[in-house]
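Have a look at the structure below, then the notes.
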Amino acid sequence: MTRWHPRLRLVVDLLVLTYVFSLDLLDLYFKTQWIGPHDSFSFSAVGSQVLQREPLAASSTTAVRRSGWASFLETCERLFPIGDDFFLHVLAENCRFGPSIGNTSISVPRVIFASSMRVDSVAWAACRLLRGDRRPRVCRSSLVERFAARYNIAETPVLIQPASQGTWTTPAVHALEWDDDEQPWITAPGGAAEAEILELLRVIAESFPLGRVVCVEGFALEGPGHYVATLFGCGSPSRFESALAGVRAPMLARFLQNKAWMTSDRLSVWGLHFLMRENCISRFHVFDQATTATKTLALTLTHRTHINYSSSGPLYVLVIAIDLFVVTVNLLSTAELVATVPWARMRPGHPGLRSGRLVTSDYVGVLTRRMLRSPLFSVLTSASQLVSWTVVLVNSIVWTWTESRWGRVRAFLSTIRFWSLVLVALNSLWNVFVFLTERHAYIFVKRAYVSMFEVLVVSSSVAYVYRETLFAISGDKHALEGQRLADTQAFRGKIAYANAYPEGSEDTLLTPLAVAWTIYRPLVEIIAWSFTGSASIAVMRYLRHMARVCRPRRTHTPTSLIAAAPTALMWAHSGSIKRVGDGPQRIVLQTARGLTATAAPPRRYQRLPIEQILGVPLRARSLIRNWVAMDIEIDDEGRDTNTRRPNASPRGGSTLRVLQSATLVDHGVLVVDGSRLRGRRGFFGTIPTWTTRSAFADPQDRARHLTALR
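Position 94, counted from 1, in the sequence shown is what my numbering calls 94; the numbers after and before it change by one each time, with no gaps.
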């Protein structure tokens with residue numbers, strides 16, 4: 001079993017490597033497919049609410065209100081909330097569609113509305129239904145003309161099939177086809193459909209501010225069953241009036257059925273932007289729980305929202321390009337490392353080289369060496385993750401509203417991608433400490449370390465503890481920008497919620513600091529806590545080691561006490577044995593594990609030859625690694641001094657301290673054919689240009705030093 005132990009550890013390294021690469025590929029797939037440039041409707045959310053028996057009572061009749069919710073009482077006789085004190089659905093009775101003047105209006109007995117539309121979406125769709133010369137001034141405003149560019153959305157009308165013609169969980173979305181010379185949705189001039197649309201646009205044009213206009217989608221209730229949105233309307237915050245449309249102009253639904261909860265999350269840096277657009281499809285299921293005895297209406301409304309996220313913009317393209325580049329080079333670099341590992345082959349014996357079994361054990365930990373210490377890739381990874389952090393806005397919506405457990409898992413796995421920032425921060429700050437005091441840094445890392453997997457576990461744990469804060473980012477940002485509206489004054493004792501149009505949020509060269517801080521403050525906090533937790537692991541290892549060294553070792557193994565004159569001692573420290581010369585009379589325990597002195601000082605720290613050649617303190621910088629050993633000590637025959645048989649006597653002669661292969665690989669150095677240094681893929685400028693095969697003049701000295709390079 002001992003023979004295969006190093007290879008089993010290599011297999012474990014390979015499994016860890018596969019897991020980390022799976023996170024990378026899943027994150028890339030998440031960014032390009034689930035929230036990529038094409039509509040996918042990859043997520044869904046569902047909620048059920050019960051109809052309340054008491055109608056809503058307006059609490060204010062002032063001209064200017066916080067929202068246009070109360071204005072729907074102008075076109076509907078009564079509004080019944082569907083939900084508790086917080087609601088966004090209503091059952092409206094006897095609603096008027098079309099202008100009140102003339103005989104073109106029509107009344108619908110019962111309509112269910114959801115406040116999930118935006119005023120710019122409704123205005124844009126209404127203008128599309130009018131002939132060019134019949135469009136009012138609002139159709140030429142930036143509210144309408146910049147709609148498609150504002151959300152980067154296609155202007156193609158769509159058809160959403162009712163659930164009875166498809167499935168309840170998957171929407172059937174079909175793009176309508178038409179001849180370029182014919183636009184079948186255009187309303188006839190002077191007709192009832194045009195009057196309905198013009199009345200809706202008039203209310204929108206006369207409303208101020210537009211950010212407080214409440215727009216709704218809904219359907220005419222004809223009993224229990226499945227429904228899709230076919231009716232739409234808007235309520236004014238500045239005037240007590242509203243307008244509803246869709247009865248005489250059914251084509252309005254073709255432009256609005258896939259635009260519920262329209263939202264734009266934009267990150268702008270010096271004119272470059274990363275736009276994430278949210279648009280949804282609403283489907284409704286109505287249950288009537290009324291009994292024959294009560295004969296009262298007892299409705300339960302289930303609102304299923306199919307959520308789509310689409311990303312676009314120069315920053316998005318840059319992030320995807322960086323991620324593809326980093327993942328590709330990581331794969332190539334890992335393949336390069338896998339090719340160097342002696343999985344099943346044994347190197348023949350050679351003077352100055354160790355046995356094949358020990359050569360295999362040298363490569364334990366090599367496969368998990370990421371390109372953390374490559375300055376270029378650290379910068380690229382940090383830039384990509386900082387910009388990609390805005391994806392947490394998507395994750396917060398999915399985590400809060402999705403009904404799928406796998407959807408929540410995907411959202412959480414995407415969120416914990418910040419752990420690479422923790423690695424970069426930990427490594428960068430430690431390098432600063434090494435620069436300030438290299439000797440003390442080496443003394444610490446000689447006895448302590450923190451592994452990459454431990455940083456991942458700590459970061460994931462911190463993210464889970466902070467999940468309530470993390471997944472509230474979207475709500476906080478949208479409230480700050482005015483993309484969501486909660487009106488506590490419209491109706492007595494109720495909070496009316498609605499989607500809202502954020503005025504003044506366009507054409508910004510730089511994201512406002514308040515908005516940026518809302519997004520990135522939780523990231524700063526979880527990085528700080530993850531950094532603290534990871535550093536605490538290293539500190540605890542150091543303290544445990546010091547406590548073990550300072551405590552006299554006791555054993556029940558048969559021993560012989562030697563109390564003799566001054567003698568040569570072997571000092572054991574961190575898994576290596578060094579001859580420290582003659583010392584005063586000591587009591588030494590000779591056990592089955594070799595000679596261990598109770599106390600002896602270590603040699604003074606100095607860089608190894610390979611560290612002097614590269615000009616980098618490789619060991620002092622190796623705080624992040626998989627285990628404590630960074631180097632080993634070998635004798636004149638190239639054998640590890642820690643692998644002596646229990647009863648073997650220590651040999652005379654000098655010893656040589658050599659670096660583990662993982663330490664070299666971690667810093668971007670590979671040894672080819674045992675005699676040539678080469679930089680690892682993804683590292684640039686690691687090997688000085690003057691370092692060649694003849695860097696060591698003396699052949700014997702070169703053999704010993706190249707052994708150290710292994």
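Backbone N, C-alpha and C fix where the C-beta goes; we use that ideal spot for every residue, glycine too.
The Cβ atoms of His-303 and Ala-114 sit closer than 8 Å to each other.
The stretch 521-534 makes contact with the stretch 457-477, as at least three CB pairs between them are under 8 Å. Within the same chain, Arg-439 and Tyr-442 come within 6 Å of Tyr-605 by CB-CB distance, once the 5 residues on both sides are set aside. Straight-line spacing of the CA atoms in Ala-243 and Asn-152 works out to 28 Å. Bridge pairing for Ser-40: absent [DSSP].
Within 10 angstroms of the beta-carbon of Met-540 lie fewer than 16 other beta-carbons, which makes it exposed. By the CB criterion at 8 Å, Pro-502 and Gly-482 fall inside the cutoff.
Unbroken beta strand (DSSP E) stretches of 3 residues or longer found wholly inside the stretch 443-526: 484-487 and 495-499, given in chain order.
Counting along the chain, Ser-116 sits inside the beta strand (DSSP E) bounded by residues 106-117. Counted as a single uninterrupted DSSP element, the alpha helix (DSSP H) harbouring Tyr-151 occupies residues 147-151. Per DSSP, reduced to three states, the secondary structure at Met-546 is helical. For Ser-121, same chain residues with a beta-carbon under 8 Å away, outside a window of 5 residues either side, are Phe-147, Cys-215, Leu-256, Lys-259 and Met-262 in chain order. Counting along the chain, Asn-308 sits inside the beta strand (DSSP E) bounded by residues 299-312. Distance from the CA atom of Ile-473 to the CA atom of Arg-408, rounded to whole angstroms, is 16 Å. Where Pro-375 is concerned, there is no enclosing beta strand (DSSP E), although the alpha helix (DSSP H) around it starts and stops at 375-388. 8 Å or more divides the Cβ of Ala-448 from the Cβ of Ala-339. In this structure, the straight-line span from the alpha carbon of Leu-429 to that of Leu-386 is close to 18 Å.
When the five nearest sequence neighbours on each side are left out, the beta carbons in the same chain lying within less than 8 Å of the beta carbon of Leu-272 are those of Gly-313, Pro-314, Leu-315 and Leu-318, in order along the chain. In chain order, Thr-518 place their CB closer than 6 Å to the CB of Asp-476, counting only its own chain and leaving out the 5 sequence neighbours on each side.
Contact between Val-422 and Ala-411 is ruled out by a C-beta separation of about 19 Å, above the 8 Å threshold. Val-669 is positioned such that its CB atom lies closer than 8 Å to that of Leu-677. The Cβ neighbour count for Gly-132, taken over all protein chains shown within 10 Å, is under 16; the residue is labelled exposed. Annotation for Arg-410: the continuous alpha helix (DSSP H) segment containing it runs 405-415. In the structure shown, the three-state DSSP call for Trp-261 is strand. DSSP places Gly-191 outside both helix and strand once states are collapsed to three, so it counts as coil.
Put simply, the stretch 275-291 does not touch the stretch 4-23. Fewer than three CB pairs are less than 8 Å apart. As DSSP reads the structure, Gly-235 sits in a beta bridge with Val-214 and Ser-242.
If you draw a 10 Å sphere on the C-beta of Ile-112, you find 16 or more other C-beta atoms in it, and that means buried. Here Arg-369 is near Ala-662, since their CB atoms are less than 8 Å apart. The residues Leu-129, Leu-130 and Arg-131, in chain order, have a CB closer than 8 Å to that of Ile-186 in the same chain once the five nearest residues on each side in sequence are set aside.
Distance from the CA atom of Thr-381 to the CA atom of Arg-110, rounded to whole angstroms, is 55 Å. The C-alpha of Leu-79 lies about 17 Å from the C-alpha of Ala-486. Taking 8 Å as the cut-off, the Cβ atoms of Ala-249 and Ile-307 do not count as close.
Annotation: Tyr-227 to Ser-388 spans about 37 Å, alpha carbon to alpha carbon. Under the three-state reduction of DSSP, Val-671 is assigned to strand. The C-alpha of Ser-105 lies about 5 Å from the C-alpha of Phe-97.
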